[in-house]
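Here the working numbering is used: position 14 in the sequence shown is 3, and no number is missing along the way.
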Amino acid sequence: MALNQEQKKHYKSIGHHLKPVLIVAENGLTEGVTAELERALNDHELIKVQFRITERDDRRALIDELCRTARCELIQTIGKMALIYRRNPKPNKNLSNVSRFSGH
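Structure, rendered in structure tokens:
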């Protein structure tokens, strides 16, 4: 599902205006966090996740694990924020951030 640079650039411009829909703290990827992540990716496709973890290496490992677990692609990280994307084959046009902000 690798995205090309043009797609990533487009998603970054959409992501810039998004608020984080999920916060991952010291407890990591708990069952509740994983369930909410699934719901958010299904609804919105492109989401921002905030990581409240101080150590950069720990945060990076958790982002990688989150992307593996949810089968999504990391678009960008800035500080403690990660922008992630997973295509929904049947997106809800009213909920999908990609549909809403792309004019599709």
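The beta-carbon is built from N, C-alpha and C at its ideal position, and this holds for glycine as well.
Residue nearest to GLY68 in terms of C-alpha spacing, selected from GLN39, SER88, LEU51 and ILE3 = For the purposes of this step, residue 68 is taken as residue 79 along the sequence shown, with counting starting at 1. For GLY68, the nearest C-alpha among the options comes from GLN39.
Comparing alpha-carbon positions, which option in ASP53, ILE64 and ARG75 lies nearest SER2?
-> The count along the sequence shown starts at 1 and reaches residue 2 at position 13. Nearest C-alpha to SER2: ILE64.
Confirm, please, whether the CB-CB distance from LEU84 to HIS33 is below 9 Å.
-> Against the sequence shown, residue 33 aligns to sequence position 44. Against the sequence shown, residue 84 aligns to sequence position 95. Yes, the Cβ-Cβ distance between HIS33 and LEU84 is below 9 Å.
With DSSP as the reference, label ILE64 as helix, strand or coil.
-> Here the question's residue 64 lines up with position 75 in the sequence shown. Three-state DSSP puts ILE64 in a strand.
Euclidean distance between Cα positions of LEU55 and PRO78 | For the purposes of this step, residue 55 is identified with residue 66 of the sequence shown, where counting begins at 1. For the purposes of this step, residue 78 is identified with residue 89 of the sequence shown, where counting begins at 1. Roughly 21 Å separates the two Cα atoms.
Rounded straight-line distance, which links the Cα of LEU51 to that of LYS82 = Taking the sequence shown and counting its residues from 1, the one referred to as residue 82 is at position 93. Taking the sequence shown and counting its residues from 1, the one referred to as residue 51 is at position 62. Cα-Cα distance, rounded: 30 Å.
The beta strand (DSSP E) with ARG59 in it runs from where to where?
-> Working through the sequence shown from its first residue, we reach residue 59 at position 70. The sequence shown places Ala at residue 59, rather than the Arg named in the question. Premise fails: ALA59 lies in the alpha helix (DSSP H), 45 to 59, not in any beta strand (DSSP E).
Measure the beta-carbon distance from LYS37 to VAL13 and round it to whole angstroms, keeping in mind my assumption that it falls under 8 Å.
-> Residue 37 sits at position 48 when you count from the first residue of the sequence shown. Residue 13 sits at position 24 when you count from the first residue of the sequence shown. With a Cβ gap of about 12 Å, LYS37 and VAL13 do not count as contacting.
Report buried or exposed for GLY21, applying the criterion of at least 16 other Cβ atoms within 10 angstroms of its Cβ.
-> Indexing the sequence shown from 1 puts residue 21 at position 32. Exposed, since its Cβ has fewer than 16 Cβ neighbours within 10 Å.
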